[in-house]
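K.L.:
In order, the protein sequence lines correspond to chains A and B.
For the record, in the first sequence the residue sitting at position 47 is 44 according to our numbering, with numbers rising by one throughout.
For the record, in the second sequence the residue sitting at position 42 is 31 according to our numbering, with numbers rising by one throughout.
Pasting in a structure now, in structure tokens, and then I'll have a few things to ask.
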Amino acid sequence: MKFSRSKVSDEIPTSSMADIAFLLIIYFMVTTTFTATRGLDFAPPKEDDNPPIIEKEDSVLIEIRSDGSLVVDQRPLPLGELIEYLKPKLERNPEKPVIIRPDPSAPYGAMVDVMDELRQGKEKGLKEEVRISLPTQREIDALWF
Amino acid sequence: MLLRARLTTQASIPTASMADIAFLLIIFFMVTITFEVDKTQVSLPKTQLRYEVPKKAAYVSIDQDGRLRVSSGEEMSALVPGVEDVLSFAAGVVASDPSKAFVIKADTETEYRHVDQVIDALKRAKVEVIYMLSVQETIDTVGG
Chain A
-2 MKFSRSKVSD EIPTSSMADI AFLLIIYFMV TTTFTATRGL DFAPPKEDDN PPIIEKEDSV
58 LIEIRSDGSL VVDQRPLPLG ELIEYLKPKL ERNPEKPVII RPDPSAPYGA MVDVMDELRQ
118 GKEKGLKEEV RISLPTQREI DALWF
Chain B
-10 MLLRARLTTQ ASIPTASMAD IAFLLIIFFM VTITFEVDKT QVSLPKTQLR YEVPKKAAYV
50 SIDQDGRLRV SSGEEMSALV PGVEDVLSFA AGVVASDPSK AFVIKADTET EYRHVDQVID
110 ALKRAKVEVI YMLSVQETID TVGG
């Protein structure tokens, strides 16, 4: 009499693992959206009981007109010449604050351009980081007028 | 006369490491994936300096017409009627996490007064750090 012994494979079937893995890759590739997650940062000043009184004359005032052009200390100035203009002023007094005051109808991008330029001051020849001040309209109305 | 035995080569592609490579790719995508909490279509300003926004930062988006949307970074952004709503939203977020970063995602052509009101609201809510979302300015765009 003949007995037939049934053979049971002791291997784990892994042939479909690559297929599953590639399906997961395709899922992640399709759902991933490459979004802009970088930008310019700034820290609003901390609430101070006795804020220093800054006169307009003790600072550099950068006004941004509605067409995006700059007026620095009452003088029109192109953005490319801003750091050169600031150099002698900030060498005499590195603590001198630079106030950005955009016109309410100015494009937001113009303010970001100025902020970007000032933040690169040290790389463009200034000795210290520029002390940038970005007062809001409410703060300007409350402090200066 | 002895004839040399003919060599037979097995035609097979080694696929044993394919699953390893695939899983490495999966891990890469899982680590780098960021779920977009705000899908407002805006044209972001271009800057040369850009710093990484912390994960789970809260978002305030402003489109070209000044419409405002807010998100705490955990859920999709929602439209809010006015800047006072941004203030109450930001105050609530800061109350639960005082060091929470806020991101302003505004269209480069939007009027500054909209952004000014949002910055003012965030300052009043005692937000510690604000990011202004931007895209990389390349040499071509600098040169004009």
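Quick reminder that beta carbons are idealized off the backbone N, C-alpha and C, glycines included.
Quantities reported herein were computed from a predicted structural model and do not represent experimental measurements.
Which same chain residues, not among the five before or five after P10 (chain A), have their C-beta less than 8 angstroms away from its C-beta?
P.N.:
For the purposes of this step, residue 10 (chain A) is identified with residue 13 of the first sequence, where counting begins at 1. Nothing listed; no residue qualifies.
K.L.:
By the 8 angstroms beta-carbon criterion, what residues does the segment 116 to 138 of chain A contribute toward chain B?
P.N.:
Against chain B - using a Cβ distance shorter than 8 angstroms - the residues of the segment 116 to 138 of chain A are R116, Q117, L131, T133, Q134, R135 and E136.
K.L.:
Taking the beta carbon of G133 (chain B) as the centre, do at least 16 other beta carbons fall within 10 Å, making it buried, or is it exposed?
P.N.:
Mapped onto the second sequence, residue 133 (chain B) falls at position 144. Since pLDDT at G133 (chain B) reaches only 41, below the 50 mark, its modelled position is unreliable, and the value read off the structure follows with that caveat. Per the 10 Å Cβ criterion, exposed.
K.L.:
Could you tell me whether the segment 30 to 48 of chain B touches the segment 110 to 119 of chain A, using the rule of 3 or more Cβ pairs below 8 angstroms?
P.N.:
Yes, the segment 30 to 48 of chain B is in contact with the segment 110 to 119 of chain A.
K.L.:
Could you tell me which chain A residues have their CB closer than 8 angstroms to the CB of R39 (chain B), listed as they occur along the chain?
P.N.:
Here residue 39 (chain B) refers to the residue found at position 50 of the second sequence. Those are R35, G36 and L37, listed as they occur along chain A.
K.L.:
According to DSSP, is D55 (chain A) helix, strand or coil?
P.N.:
Position 58 of the first sequence holds residue 55 (chain A). Residue state, collapsed to three classes: helix.
K.L.:
Identify, in the order they occur along the chain, each residue of the same chain with its Cβ nearer than 6 angstroms to the Cβ of I129 (chain A), setting aside the five sequence neighbours on each side.
P.N.:
On the first sequence, residue 129 (chain A) is found 132 positions in, with the first residue counted as 1. Around I129 (chain A): V95 and L115.
K.L.:
Which word fits L13 (chain B), buried or exposed, when buried means at least 16 other C-beta atoms lie within 10 angstroms of its C-beta?
P.N.:
Counted from its first residue, the second sequence places residue 13 (chain B) at position 24. Burial call: exposed.
K.L.:
Just the chain B side, please: which residues come within less than 9 angstroms of L58 (chain A) by C-beta, in chain order?
P.N.:
For the purposes of this step, residue 58 (chain A) is taken as residue 61 along the first sequence, with counting starting at 1. What L58 (chain A) touches in chain B: nothing, since even the nearest Cβ is about 16 angstroms away.
K.L.:
Expressed to the nearest angstrom, what Euclidean distance is found between the alpha-carbon atoms of K44 (chain B) and T127 (chain B)?
P.N.:
Within the second sequence, numbered from 1, the residue matching residue 44 (chain B) stands at position 55. Within the second sequence, numbered from 1, the residue matching residue 127 (chain B) stands at position 138. Cα to Cα, K44 (chain B) sits roughly 25 angstroms from T127 (chain B).
K.L.:
Per DSSP, E41 (chain B) forms a beta bridge with which residues?
P.N.:
As a first step, residue 41 (chain B) is located in the second sequence; it is residue number 52 there, counting from the start. Beta-bridge pairing links E41 (chain B) to A:R35.
K.L.:
Any C-beta of chain A sitting closer than 8 angstroms to the C-beta of F78 (chain B)?
P.N.:
Locating residue 78 (chain B) in the second sequence gives position 89, where the first residue counts as 1. Not one chain A Cβ lies under 8 angstroms of F78 (chain B).
K.L.:
What's the C-alpha gap between L20 (chain A) and R98 (chain A)?
P.N.:
Here residue 20 (chain A) corresponds to residue number 23 of the first sequence, with the count starting at 1. Here residue 98 (chain A) corresponds to residue number 101 of the first sequence, with the count starting at 1. Approximately 53 angstroms, taken between the alpha carbons.
K.L.:
Within 10 Å of its beta-carbon, does S102 (chain A) have 16 or more other beta-carbons around it, so buried, or fewer, so exposed?
P.N.:
Indexing the first sequence from 1 puts residue 102 (chain A) at position 105. It is exposed - the Cβ of S102 (chain A) has fewer than 16 other Cβ atoms within 10 Å.
K.L.:
Measure the C-alpha to C-alpha separation of L87 (chain A) and M121 (chain B) and round it to an integer number of angstroms.
P.N.:
Here residue 87 (chain A) is taken as the residue at index 90 of the first sequence, counted from 1. Here residue 121 (chain B) is taken as the residue at index 132 of the second sequence, counted from 1. If I take the Cα positions, the gap works out to 26 angstroms.
K.L.:
Give a yes or no on whether the C-beta atoms belonging to F194 (chain B) and A46 (chain B) are separated by under 8 angstroms.
P.N.:
Shown here, chain B extends from -10 to 133; a query on residue 194 (chain B) therefore has no answer.
K.L.:
Please list the residues of the segment 13 to 32 of chain A that have a C-beta atom closer than 8 angstroms to any C-beta atom in chain B, keeping them in chain order.
P.N.:
Listed by position, the residues of the segment 13 to 32 of chain A near chain B (Cβ gap below 8 angstroms) are M14, A15, A18, F19, L21, I22, F25, M26, T28, T29, T30 and T32.
K.L.:
E117 (chain B) CB to nearest chain A CB: under 8 angstroms?
P.N.:
As a working note, residue 117 (chain B) is residue 128 in the second sequence. Yes - at least one Cβ of chain A is within 8 angstroms of the one on E117 (chain B).
K.L.:
Strictly under 8 angstroms for the Cβ-Cβ distance: is P99 (chain A) near chain B by that measure?
P.N.:
Taking the first sequence and counting its residues from 1, the one referred to as residue 99 (chain A) is at position 102. True, the Cβ-Cβ gap to chain B drops below 8 angstroms.
K.L.:
Does any C-beta atom of chain A lie closer than 8 angstroms to the C-beta of E98 (chain B)?
P.N.:
Position 109 of the second sequence, counting from 1, holds the residue named residue 98 (chain B). Yes, E98 (chain B) lies at the interface with chain A (some Cβ there is under 8 angstroms from its Cβ).
K.L.:
Run down chain A in chain order and give the residues with a C-beta less than 8 angstroms from the C-beta of A8 (chain B).
P.N.:
Within the second sequence, numbered from 1, the residue matching residue 8 (chain B) stands at position 19. Going along chain A in sequence order, the residues near A8 (chain B) (Cβ under 8 angstroms) are T11, M14, A15 and A18.
K.L.:
Just the chain B side, please: which residues come within less than 7 angstroms of D113 (chain A) by C-beta, in chain order?
P.N.:
Counted from its first residue, the first sequence places residue 113 (chain A) at position 116. Going along chain B in sequence order, the residues near D113 (chain A) (Cβ under 7 angstroms) are T36, Q37 and L38.
K.L.:
Taking Cβ positions only, does R102 (chain B) come closer than 8 angstroms to chain A?
P.N.:
Residue mapping note: residue 102 (chain B) aligns to position 113 of the second sequence, counting from 1. Taking Cβ atoms only, chain A reaches closer than 8 angstroms to R102 (chain B), which makes this a yes.
K.L.:
If you measure from the beta carbon of K112 (chain B) to each beta carbon in chain A, is any gap under 8 angstroms?
P.N.:
Locating residue 112 (chain B) in the second sequence gives position 123, counting from the first residue. Yes, its Cβ sits closer than 8 angstroms to a Cβ of chain A.
K.L.:
Out of B:R102, B:K89 and B:T97, which one is the CA nearest neighbour of A114 (chain B)?
P.N.:
Taking the second sequence and counting its residues from 1, the one referred to as residue 114 (chain B) is at position 125. Comparing Cα positions, the closest option is B:K89.
K.L.:
For K39 (chain A), which residues in the same chain have their Cβ closer than 8 angstroms to its Cβ, ignoring the five residues on either side in sequence?
P.N.:
As a working mapping, residue 39 (chain A) is identified with position 42 in the first sequence. The sequence shown places Phe at residue 39 (chain A), not Lys. Excluding sequence neighbours, F39 (chain A) sits near M112, I129 and L131.
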